[in-house]
Amino acid sequence: MPSQQSPPVGLSPSSRPCTILISSQVPQQTAVLAGCRCVLVDFPSPSPFSRQCCAENPSSSSWNEPYLCLHSQGLGGEEAPEDEGSWGGLEVLLTLCLFQWATLRIERGAKEKNHPLYKPYVNGIIAKEPTSLEEEIKEIRRSGSSKALDTPEFELSDIFYFCRKGIETIMDDEVTKRFSAEELESWNLLSRTNYNFQYISLRLTVLWGLGVLIRYCFLLPLRIALAFTGISLLVVGTTVVGYLPSGRWKEFLSKHIHLMCYRICVRALTAIITYHDQENRPRNGGICVANHTSPIDVIILASDGYYAMVGQIHGGLMGVIQRAVVKACPHVWFERSEVKDRHLVAKRLTEHVQDKSKLPILIFPEGTCINNTSVMMFKKGSFAIGATVYPVAIKYDPQFGEAFWNSSKYGMVTYLLRMMTSWAIVCSVWYLPPMTRQPEEDAVQFANRVKSAIARQGGLVDLLWDGGLKREKVKDTFKEEQQKLYSKTIVGNHEDRSRS
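For the sequence shown, my numbering gives the first residue as 1118, with consecutive numbering after it.
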């Protein structure tokens, strides 16, 4: 086994597209099939399916070739389950090899032609330090002629703090970018995800063309047929079950019809889902809350559990489905005029959770779809009714297909078409331990605690901003809070000095 201190001896540079630093537990034929050379290396703390781990590996520093690291670990950073079939092993690794090879070809072609490449900034383009307004104002005044906060008056130098914050927000807005698709570091052979898409080489173009044929001529018709089958069975099955008298037999049939149909719909998206900690799955009389990325979040969770849905009644196909499923399962649907009545909504939810025989309610407290890089403010309504909350974290892998629904840019039909023409939908679902509201907590504090737990488990950024900013302007109260904070910084320090 080669050591990490120096590259393996006896391997000369080749004309193959890349060298793969691969764990000894992964079949070497993966690298051979990808047209790459395989080098066995042990990684103490690997970053699965990322070039970052190669940059962290000392043995790669003396090589002048691109590297790709492959490990035996799953997409979520944990051991891949054995029941995931071929997608859990060779096929996933081979597909990732092809994606990496395509990215390397683009980078190499752009370098030869002196074309600048668009590089996504995963963590933002500005390094922000977590300092308070008071500390920064002190630093600005200290560097000027005045002493730090010596007078309870406005200093002209104070405007530099607000100017800098404003420019930072314009250049790197941490809110607006959550409403657009997550940017990829490597190309997944979809032209919609590549800002540098252009003719590079015949091999790359042929590979991309084969991908188009496979996705549109083979996968798309098959997926449409599966989706039609699943939706039809759901509508017909729940309608028939709805005529049965209430009892265990009706509940048994309803549960298994829902699970069967949702699992067919999951197959229609070629969804590869890994469920973690299933012993924490929501129980009757509770509320299941999860971060919201896509309308298919419902299908992802409902294919592994039996939930009561909450939402507004729609028209068209969605309305037909809603009216059918409510006959067999106690879902909570609201008319458009009732949704704005918060007291009525809270009353209906409270009545549901107080009956311990009823199904857990599935709620997405963000109220809108976020691009799966962060979790935004949870609405407090579902946390104020006193029920046990079962947090769930959902994390999608965008390498195979982007699950985020940008509703301001794409309609539902266009979104579903993009989903069904992707390679696959890969995600991990974590069931967190149940949480209850503490005596000293209000609904907002409880919601923030649950949100932080979901963000921490899913590896998401925890933001306090309201997802409603996706369609609304910033409220004046936010501006007033900053003004009050600045006033308190000046007046508060002056009062403290007066008392002393």
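Positions of the beta carbon are idealized from the N, C-alpha and C atoms, including for glycine. All figures in this text were calculated on a predicted structure; none of them were measured in a lab.
- When the Cα atoms are used, P1338 and K1444 turn out to be separated by approximately 31 Å.
- CA-to-CA, the gap between T1490 and H1469 works out to about 32 Å.
- Contact between I1480 and V1427 holds: CB atoms are separated by about 6 Å, below the 8 Å threshold.
- The secondary-structure analysis by DSSP pairs A1572 with nothing; it has no beta-bridge partner.
- Take the alpha-carbon of K1592 and the one of P1477: they are about 34 Å apart.
- In this structure, V1492 and L1586 do not form a Cβ contact; the two beta carbons are roughly 14 Å apart against a cut-off of 8 Å.
- Ranking C1334, L1351, M1494 by CA distance to the CA of A1441 puts L1351 first.
- For the set F1517, W1450, A1425, the Cα lying nearest the Cα of G1436 is the one of W1450.
- Annotation for G1283: no beta strand (DSSP E) segment contains it, though the alpha helix (DSSP H) segment containing it runs 1276–1288.
- Per the coordinates, the alpha-carbon of I1389 lies some 34 Å from the alpha-carbon of D1472.
- Between L1549 and I1511, the alpha-carbon positions lie close to 11 Å from each other.
- Contact between S1539 and L1307 is confirmed by a C-beta separation of about 7 Å, below the 8 Å threshold.
- Listed as beta-bridge partners of H1393 by DSSP are W1547.
- Annotation for Q1429: the continuous beta strand (DSSP E) segment containing it runs 1425–1429.
- Rounded to whole angstroms, the Cβ separation of P1508 and A1570 is 5 Å, and the two are in contact under 8 Å.
- One alpha carbon belongs to K1497, the other to V1329, and they sit about 45 Å apart.
- For I1381, there is no enclosing beta strand (DSSP E); the enclosing alpha helix (DSSP H) has its first and last residue at 1365–1385.
- The Cβ neighbour count for P1399, taken over all protein chains shown within 10 Å, is at least 16; the residue is labelled buried.
- Between the C-alpha atoms of I1430 and Q1439 there is a straight-line separation of about 7 Å.
- DSSP, read as helix, strand or coil, puts I1542 in strand.
- In this structure, C1544 is the residue among F1595, V1292, C1544, E1597 with its C-alpha nearest to the C-alpha of H1393.
- Per the DSSP secondary-structure output, Y1333 pairs with nothing in a beta bridge.
- Judged by DSSP in its simplified three-state form, Y1527 adopts coil rather than helix or strand.
- Taking the CA atoms as reference points, Y1333 sits about 59 Å from E1256.
- Going by C-alpha positions, H1375 is about 21 Å away from I1542.
- Under DSSP, the beta-bridge partners assigned to M1552 are V1506.
- For V1406, the enclosing beta strand (DSSP E) has its first and last residue at 1404–1407.
- Look at V1591 here: in three-state DSSP terms it is coil, with no helix or strand label.
- If you compare the alpha carbons of A1385, Y1424, I1417 with that of L1533, the shortest gap goes to A1385.
- Shown here for D1559: not one same chain residue has a beta carbon closer than 6 Å to its own, the five before and five after excluded.
- Ranked by Cα distance from E1368, the options Y1424, Q1562, V1608 are led by Y1424.
- For A1441, the three-state secondary structure derived from DSSP is helix.
- T1391 and P1515 have their C-alpha atoms some 15 Å from each other.
- T1410 places its beta carbon 9 Å or farther from that of W1547.
- In the DSSP assignment, W1450 is bridged to G1428.
- Looking at V1506, S1525, V1415, the one whose alpha-carbon comes closest to that of T1553 is V1506.
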